[in-house]
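Asks: Residue numbers 935 to 1363, in the numbering used here, belong to the letters of the sequence shown in order.
No residue lacks a Cβ here, since even glycine has one placed at the ideal position from N, Cα and C.
Sending over a structure as structure tokens; questions will come in a sec.
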Amino acid sequence: MKIAIIGGGWAGIAAAVELAERAPAADLTLFEAGRRLGGRAKQADVADAKNLDNGQHILLGAYRDTLALMQRVGVSPEQKLQRLPLQVRDNQGFRLALPRLSAPFNLAWGLLTAQSVNLKEKFSCALWMQRLKRQQFWLEQDCSVAEWLTAAGQIGVLRQRLWEPLCLAALNTPAERASAQVFAYVLRDSLGSAESGATDLLLPRDTLSALLPEPAAAWLQAREVQIRTRQRIRRLQPVDSVWDVEGEIFNQVIVAVAPQHLSALISPLAPTLPFSAQALRFEPIATIYLHYPSSVALPFPLMSLQSGVGQWLVDRGQGVLAASFSAHNAWETLKGDELAAVLHKEIASLLPDLANTSPPPHHLIKEQRATFSCLPNLPRCPQATPWHGLFIAGDHTWNEYPATLEGAVRSGIQAARLCFANEAKALNT
Ligand SMILES: Cc1cc2nc3c(=O)[nH]c(=O)nc-3n(C[C@H](O)[C@H](O)[C@H](O)COP(=O)(O)OP(=O)(O)OC[C@H]3O[C@@H](n4cnc5c(N)ncnc54)[C@H](O)[C@@H]3O)c2cc1C
């Protein structure tokens, strides 16, 4: 049984690992258009700087399948990720820190001790969370996060300094346009989870490539999975009951490419899917790495920036600070030097010693189509298709999550399970 996996991002890697474990006798090939595996979450190729990623990523304790996948390929999440109890702190004095307790005690304590929020608002937020929990974070009708917060009476400091920044960080779509239902699912699996540690922030201590793509490649190769990098698949055609992938025959295929690449690859088949990748809209993310002297450090490794262009700031250690600019917004009109200058000022509001200094050297990496816009009622591509032996994976197919590593990994595992079940059925008939 020959199986092709097209696309070596985190979804394709997850599918390959799952299949290599479930069907060790299958002949597996992973095709990747780029020079290395990892897709949107890998080490960047920057000539004059080492260890930068193509975008600063933050993982959560709730990333159950991603953390398990790292372990399956021999990576210790404890060593590769710095685990911190959730804190949202900004440069205007807001602070909400969760203790390591399970829900609802963690949020109750976090709200009680939050700074810059009045008691009435804390109480209203706690009641809203209780209501959400009772309805299992399920909304009768999807709408924008902004409409949802307004309807729930969440209109004060917590909305501006907690919910809206979290929505932008998690969905890469501003609250005015983001899906309330998907945001509710994210809250369910983090703040609403009974597991202590689900809300923890996990910050990479190494490059993204070292977290999964590189060790997974070694693990797969040790199990005789063929990994063909620099091979962009342009032709995928059904022939009788098998698939022609660029002239080579496979029994089953998992397509794990980003949605913007999906249409071209499956265009003859696309009309049979209840989903059109072309209907999706996309949001950019820019990451700017500022190289300060190694003594420069943030008061907390992740800080929210308010009232400026920057949104989140991560301390990568050794004086390197990474700032993210998410979704279509005012920052897009600024060039790299301008962004660095504005950001440097915002950082100086946190670190007054930098107030009269010039912006340090920087690297800017922009991903124009970083994620799909996570809009209300967005139709998602199913993993099973009407075509025998064809499955689809990728962050855009995991309908409970926005574009995230966890959504990508879960989708890859699910597509592999469907493929395996199909193979088992074929063997039994
Ligand atoms: C800047 C940035 C910041 C982000 N921050 C976070 C974060 O903090 N937390 C989080 O959880 N998520 C974050 N994300 C989202 C996360 O990176 C993605 O959701 C995830 O990597 C998607 O994985 P994927 O495998 O579905 O798709 P991709 O990573 O897009 O992988 C698809 C792969 O398919 C390959 N391919 C495409 N066409 C072909 C073809 N025809 N033949 C062969 N190969 C092909 C591509 O080269 C690519 O390697 C961020 C994304 C970006 C860009």
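With distance defined between alpha-carbon atoms, name the residue in S1307, A1256, E1266 nearest to E1217.
Replies: Residue numbering aside, residue 1217 sits at position 283 when the sequence shown is read from its first letter. The closest CA to that of E1217, considering only S1307, A1256, E1266, is found on S1307.
Asks: Between which two residues does the alpha helix (DSSP H) harbouring I1200 extend?
Replies: Within the sequence shown, numbered from 1, the residue matching residue 1200 stands at position 266. It spans 1193–1200 - the alpha helix (DSSP H) in which I1200 sits, taken as one unbroken run.
Asks: Which runs of the beta strand (DSSP E) at least 3 residues long sit entirely within the stretch 1287–1351? Give them in chain order.
Replies: Correct list: 1296–1306, 1324–1326.
Asks: With respect to 7 angstroms, is the separation between the Cβ of R974 and the closest non-hydrogen atom of ligand 1 below this value?
Replies: Numbered from its first residue, the sequence shown carries residue 974 at position 40. For ligand 1, at least one heavy atom lies less than 7 angstroms from the Cβ of R974.
Asks: Buried or exposed: which applies to G896, given that a residue is buried once 16 or more other Cβ atoms fall within 10 Å of its Cβ?
Replies: What the structure shows of the chain is the stretch from 935 to 1363, and residue 896 is not part of that stretch, so it cannot be assessed.
Asks: What span of residues does the beta strand (DSSP E) with E1182 cover, start to end?
Replies: In the sequence shown, counting from the first residue as 1, residue 1182 sits at position 248. Taken as a continuous stretch (DSSP letters only), the beta strand (DSSP E) holding E1182 covers 1182–1184.
Asks: Shortest alpha-carbon distance to Q1021 belongs to which of L1073, P1235, F1354?
Replies: As a position in the sequence shown, residue 1021 is number 87, starting the count at 1. It is P1235.
Asks: Output the distance between the C-alpha atoms of E966 and A1128, rounded to the nearest integer angstrom.
Replies: Walking along the sequence shown from the start, residue 966 turns up at place 32. Walking along the sequence shown from the start, residue 1128 turns up at place 194. E966 and A1128: Cα-Cα distance of roughly 38 angstroms.
Asks: Beta carbon of D904: closer than 7 angstroms to some heavy atom of ligand 1?
Replies: Residue coverage of the chain in this structure runs from 935 to 1363, which leaves residue 904 outside it and unanswerable.
Asks: The beta strand (DSSP E) spanning H1225 covers which residue range?
Replies: Within the sequence shown, numbered from 1, the residue matching residue 1225 stands at position 291. First-last of the beta strand (DSSP E) with H1225: 1216–1225.
Asks: Would I1299 pass as an interface residue toward chain D - the criterion being a Cβ-Cβ separation below 8 angstroms?
Replies: Annotation note: the requested chain D is absent from the structure, which comprises a single protein chain.
Asks: Per DSSP, what kind of secondary structure is A1112 in: helix, strand or coil?
Replies: As a first step, residue 1112 must be located in the sequence shown, where it is residue number 178. Here A1112 sits in coil by DSSP.
Asks: Sorted by chain position, which residues of the same chain lie with C-beta nearer than 6 angstroms to A1289's C-beta, five sequence neighbours on each side aside?
Replies: Locating residue 1289 in the sequence shown gives position 355, where the first residue counts as 1. Excluding sequence neighbours, A1289 sits near A1282.
Asks: In whole angstroms, what is the alpha-carbon distance linking Q1064 and G941?
Replies: Here residue 1064 refers to the residue found at position 130 when the sequence shown is read from its first residue. Here residue 941 refers to the residue found at position 7 when the sequence shown is read from its first residue. Straight-line Cα distance between these residues: approximately 41 angstroms.
Asks: Are A975 and L1255 touching if we call contact CB-CB under 8 angstroms?
Replies: Residue numbering aside, residue 975 sits at position 41 when the sequence shown is read from its first letter. Residue numbering aside, residue 1255 sits at position 321 when the sequence shown is read from its first letter. Contact: no.
Asks: For P1235, report the span of its alpha helix (DSSP H) as first-last.
Replies: To locate residue 1235, count along the sequence shown from 1; it is residue 301. Per DSSP, P1235 belongs to no alpha helix (DSSP H) and is neither H nor E.
Asks: Quick one: Cα of D1076 to Cα of L1066, how far?
Replies: Counting from one through the sequence shown, the residue named residue 1076 turns up at place 142. Counting from one through the sequence shown, the residue named residue 1066 turns up at place 132. Roughly 14 angstroms between the two C-alpha positions.
Asks: Alpha carbon to alpha carbon, how far is L1102 from A1042?
Replies: Within the sequence shown, the letter at position 168 stands for residue 1102. Within the sequence shown, the letter at position 108 stands for residue 1042. Distance between the alpha carbons of L1102 and A1042: 23 angstroms.
Asks: Given a cut-off of 8 angstroms, decide if Q1302 and L1352 are closer than it, judged by their beta-carbon atoms.
Replies: By 1-based counting over the sequence shown, the position of residue 1352 is 418. By 1-based counting over the sequence shown, the position of residue 1302 is 368. Result no, Cβ atoms of L1352 and Q1302 do not sit closer than 8 angstroms.
Asks: Any heavy atom of ligand 1 closer than 7 angstroms to the beta-carbon of E1340?
Replies: Locating residue 1340 in the sequence shown gives position 406, counting from the first residue. Indeed, a heavy atom of ligand 1 lies less than 7 angstroms from the Cβ.
Asks: For the stretch 1319–1337 against the stretch 1100–1116, do three or more pairs of beta-carbon atoms, one drawn from each stretch, fall closer than 8 angstroms, so that the two count as touching?
Replies: yes
Asks: Between the stretch 1269–1281 and the stretch 1077–1088, do three or more beta carbon pairs fall short of 8 angstroms?
Replies: no
Asks: For R1139, I'd like the list of residues in its chain whose CB is within less than 7 angstroms of its CB, leaving aside the five on either flank, ordered along the chain.
Replies: Taking the sequence shown and counting its residues from 1, the one referred to as residue 1139 is at position 205. Taken in chain order, the residues that qualify are K1014, L1015, Q1016.
Asks: Assuming the contact rule is C-beta atoms closer than 8 angstroms, I1347 and A948 should be a hit. Round their C-beta distance to whole Å, please.
Replies: As a first step, residue 1347 must be located in the sequence shown, where it is residue number 413. As a first step, residue 948 must be located in the sequence shown, where it is residue number 14. A Cβ-Cβ distance of about 5 angstroms is found for the pair I1347 and A948, placing them in contact under the 8 angstroms criterion.
Asks: Taking only three categories from DSSP, how would you classify R969?
Replies: For the purposes of this step, residue 969 is taken as residue 35 along the sequence shown, with counting starting at 1. Collapsing the DSSP output to three states places R969 in coil.
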